[in-house]
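Letter by letter, the sequence shown follows residues 98 to 824 in my numbering. In what follows, a single structure is set out as structure tokens and then discussed.
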Amino acid sequence: MFKIQIRSPGGLDNKSNTTFDASWKILKDAIKLIFDGRVSELSFQTLFHAVYCITLRRQGEKLYEELHHTIERRLQDITRTHLHSESESYLRDILSIWYNHCESLRLISNVTMYLDKVYCKENRKPPIYHMGLDLFRDIILKSSKDQLQDLMIQNINAARSKASQVDFDSLRSLVEMMETITDEDSTYYATEFEPFLLHETQEYYRSHAKYYSGDLTAYPQEVESLLCGERRLDAKFLNSDVSIKIAKVVEEIMISENIHIVAMEVVPEILRTEQYSSLRLLFGQCQIQNDRKKLWKQCSQYIVGEGLAIAEDLNLKKKTQVAVKWMQEMIALKEKYEVVFKSQEDDDLNGLQAVNEALSVCFNQNSRKTAENLAIYLDSMLRAPSTSEESFKKHIDDCIAVFKLLKDKDFFEKLYQQQMSKRLLQQRSSLKFEKMFVNRMREEVGAVFAQKPDGMFRDIALSQTNNTRFHQAYHVPVEYEMNVLTPTCWPFQQMSNEEDVVLPSALEALKLDFENHYMKTYSGRVLKWAYHLGSMDIGIQFSKSYHIITMPVFAAIILMLFEDYVELTAQEIGDLTHIEEKELIRNLLTIAVAPKTRLLKKQPMNKKILPSDKFRLNYSFSAPSTKVKVLAVLSKQDSDSQGVMRTNNTLHDVAMERQGCTEAAVVRLMKGASKMYCDMLFEETRKILCHRFDVTPDLFQASLERLVEREYLQRDSEESSFYHYLP
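Below, the structure is given as structure tokens:
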């Protein structure tokens, strides 16, 4: 490394023992020549010697002050004579003064190098060059601050609006000048101009946003165009750090400051017109987390509106068709917006949350109806004969996604169990697919969901084994399959008088044989027959064709009477079979009145069943196919009545289960806490049971009352909202 040395310009003898005033006059005249640009007339050795002598005599402070006053007066004179605010070349004049001043300071500081090294360093004074810059700041810049900044921002705004050509070289030089000059602990640019620039940028874009009149869907493109233009402009005269700050200002004004309008007007219009690229652009411009939340919230509200607009198609004849179509449309809506929102940002959790929140509102607008439609939709998928495994997995995912959004999850479970039981008994679905769905639900929502379905699967498997063993042990002349069901697993109610039903002798014999066989394997158990759940296949040769008729057991019992009788009245059929009157009438309507399954002839032929009506086998019956399925029919009144009764029974069962779950949760909580306030207990109970159903205040309060009555809990004697657990 090189070490700079300042050599003494000469010793202090008597000849050089001049006064300060004489030395200062030499320096003062030299400084004037430097400012005037007449450097060639100077003798730098003489000037160095003068500074050296003054500093060596410890008169550095006086010299420093004189230099300060001289430079100060010079700048003040320049301000009066050279700076005119009305001048078109004002910015260039400032720069010209700046360049001349810097060059003059450089030469002066070369002359005063010894003063800088000795006096300024020891006394912590700014070197002459920096002192001169500070004076330029205080005299030139601060006195012309408003005019200078206004002219600069006028040029910048003119460039933004492309109103006129702008001298970017001058702007860049002015910024560099400001960044060179210090101010307090920073630069003049950072303390004075940058805050002004950012504020004026805010005002410019605030005005632009206020008077924006373009297409709402094009608003993100407008913002992007402004950002790109601003970046290109800033790169011409600002450093990258400041460009980033200005870009943030543009985003804050155009997006954050107008987030209400952007969210309430721009987002719905973008979604309505499916301009998803604009939505992606908008999210990219929205950097503030709270603003993003507002955008997602508006997206969610828009989906709610679209979802609630999807109504059930009541023009369809069948309830299954109505439910399936509605579910398909809702699932399609879900998938549509999941795809759209996944592409909005790297982390798609916010998008999925927005979709789920919206659909949760739609589904829970009528949670029980949604649960019913979901159960019907799933039932339809499981009954579909040609469903591939991949397709069914997709249906499972859809159903589970909807199920998770339901509040009344237990209501769906009850309906699902009812429909599943029918599918299993009627063998109308693939056991593989049934188990696939239950296993997925077990993984997603826990083992509680699978308890009863697992019991049904177990009963079906054991029944198949028992049937095989029965056929091996007994001579069974017909295909005879019995399903032995565990009452706690299957959602059926036993009919009170089914044990009194009289079977045809052949069926009675098979029934007794099966009971004997079963009791040998499972001694101590009691079998109760549920004929209303069964079906029979009977082959009949009619006059023109042979058909295999699949029908309910009660219908088959009635039909088999005509092996021994040519004609019977309704009263006689009832006496011979002991079938309950309502079931008897329903089955007679099914096989004697329904046009497509008129296996019996009825006299007189009308839609009423009276005890005196006569019936005989209809040998003229025919059908397009060999196999004919007889479905029990009901009058509209009976159908509606039975539907209401079935719904009421389901609701009652769900209500009872909820009551039990709520009481169990409360006891479990109180057992651990010993005592708790009612409000806190309510919130904790809701948290525990939210995965199955929403605990209402009425349900919770009723559960508390029952637990108090049964002495599980006790109210505090002084504060009724405080409860104690009674061990």
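Glycine is no exception: its CB is placed at the ideal position from the N, C-alpha and C atoms.
query: Just curious, the alpha helix (DSSP H) that Tyr513 is in, first and last residue?; result: Lys506 to Gln523
query: Out of Lys431, Tyr577 and Lys506, which one is the CA nearest neighbour of Met538?; result: Lys506
query: Where Lys414 and Val727 are concerned, what is the direct C-alpha to C-alpha distance, given to the nearest angstrom?; result: 20 Å
query: Between Thr647 and the rest of its own chain, which residues show a CB-CB distance below 8 Å, the 5 nearest in sequence each way excluded?; result: Ser632, Met633, Asp634, Lys724, Val725, Lys726 and Val727
query: Looking at the structure shown, is Ser738 part of a helix, part of a strand, or coil, going by DSSP?; result: Since pLDDT at Ser738 reaches only 48, below the 50 mark, its modelled position is unreliable, and no value is offered.
query: Spatial neighbours of Leu804 within its chain, please: C-beta separation below 8 Å, excluding the five flanking residues on both sides.; result: Glu760, Val763, Val764 and Leu810
query: As an exercise, report each continuous beta strand (DSSP E) stretch of at least 3 residues that is fully enclosed by the segment 726–800, in chain order.; result: 772–774
query: Starting from the C-beta of Met553, find all residues in its chain whose C-beta is less than 7 Å away, skip the five residues before and the five after it, and write them out in chain order.; result: Met517, Ser518, Leu521, Cys586 and Trp587
query: Considering only C-alpha positions, which residue in the set Asp795, Leu379 and His296 is nearest to Glu321?; result: Leu379
query: Would you mind reading off the limits of the beta strand (DSSP E) that contains Gly636?; result: Ser632 to Gln638
query: Could you say which of Val437, Ile493, Asn412 and Val499 lies nearest to Asn453 if we only look at CA atoms?; result: Val499
query: Which complete alpha helix (DSSP H) runs does the segment 151–236 hold, if anything under 4 residues is left out?; result: 157–179, 187–208 and 225–232
query: If contacts are defined as beta-carbon pairs under 8 Å, then Asp597 and Asn580 qualify, I think. What distance do you get, rounded to the angstrom?; result: Contact flag wrong, Cβ pair sits at about 22 Å.
query: Would you mind stating whether Leu172 and Cys199 have Cβ atoms separated by less than 9 Å?; result: no
query: Under 7 Å Cβ to Cβ from Met424, same chain only, skipping five residues before and after it: list those, please.; result: Asn470, Leu471 and Tyr474
query: Only counting the same chain, and skipping five residues up and downstream in sequence, which positions put a Cβ closer than 8 Å to that of Phe565?; result: With the sequence shown as reference, residue 565 is identified as Thr, and Phe is not the correct amino acid for it. Excluding positions up to five away in sequence, the list is empty.
query: Please classify Gly740 as buried or exposed, where buried requires at least 16 other C-beta atoms within 10 Å of its C-beta.; result: For Gly740, the predicted model reports a pLDDT of 48, less than 50, meaning its position is unreliable; a value from the coordinates is still stated below. Label assigned to Gly740: exposed.
query: Give the range of the beta strand (DSSP E) segment to which Pro665 is assigned.; result: A quick correction: the sequence has Leu, not Pro, at residue 665. That run of the beta strand (DSSP E) goes Glu664 to Thr666.
query: Whole-angstrom Cβ separation of Ala752 and Pro649, contact assumed at under 8 Å?; result: Ala752 to Pro649, Cβ: 30 Å. No contact.
query: In whole angstroms, what is the alpha-carbon distance linking Cys758 and Leu786?; result: 8 Å
query: Would a C-beta distance cut-off of 9 Å place Glu486 and Phe530 closer than the cut-off?; result: yes
query: Using only the alpha-carbon positions, how far apart do Leu801 and Glu808 sit?; result: 10 Å
query: Pick from His179, Val419, Cys217 and Ser140: whose alpha carbon is nearest that of Leu164?; result: Cys217
query: So for Ser283, helix, strand or coil by DSSP?; result: strand
query: According to DSSP, is Phe589 helix, strand or coil?; result: coil
query: Alpha helix (DSSP H) containing His568: first to last residue?; result: Gln548 to Ala570
query: Flag this pair as touching only if the segment 138–152 and the segment 179–197 have three or more C-beta atom pairs under 8 Å; answer yes or no.; result: no
query: To the nearest angstrom, report how far apart Ile250 and Thr167 are at their CA atoms.; result: 33 Å
query: With the cut-off set at 9 Å, would you say Ser477 and Val542 are in Cβ contact?; result: no
query: What's the gap between the Cα of Ile400 and the Cα of Phe534?; result: 28 Å
query: Could you compute how far the alpha carbon of Pro824 sits from the alpha carbon of Phe779?; result: 20 Å
query: Pick from Trp393, Arg480 and Ile341: whose alpha carbon is nearest that of Phe438?; result: Trp393
query: In three-state terms, what does DSSP make of Phe712?; result: strand
query: Are there 16 or more other CB atoms within 10 angstroms of the CB of Leu528, so buried, or fewer, so exposed?; result: exposed
query: Give the straight-line distance between the Cα atoms of Val623 and Thr583, rounded to the nearest whole angstrom.; result: 11 Å
query: Between Lys214 and Thr178, what straight-line distance do the alpha-carbon atoms span, to the nearest angstrom?; result: 35 Å
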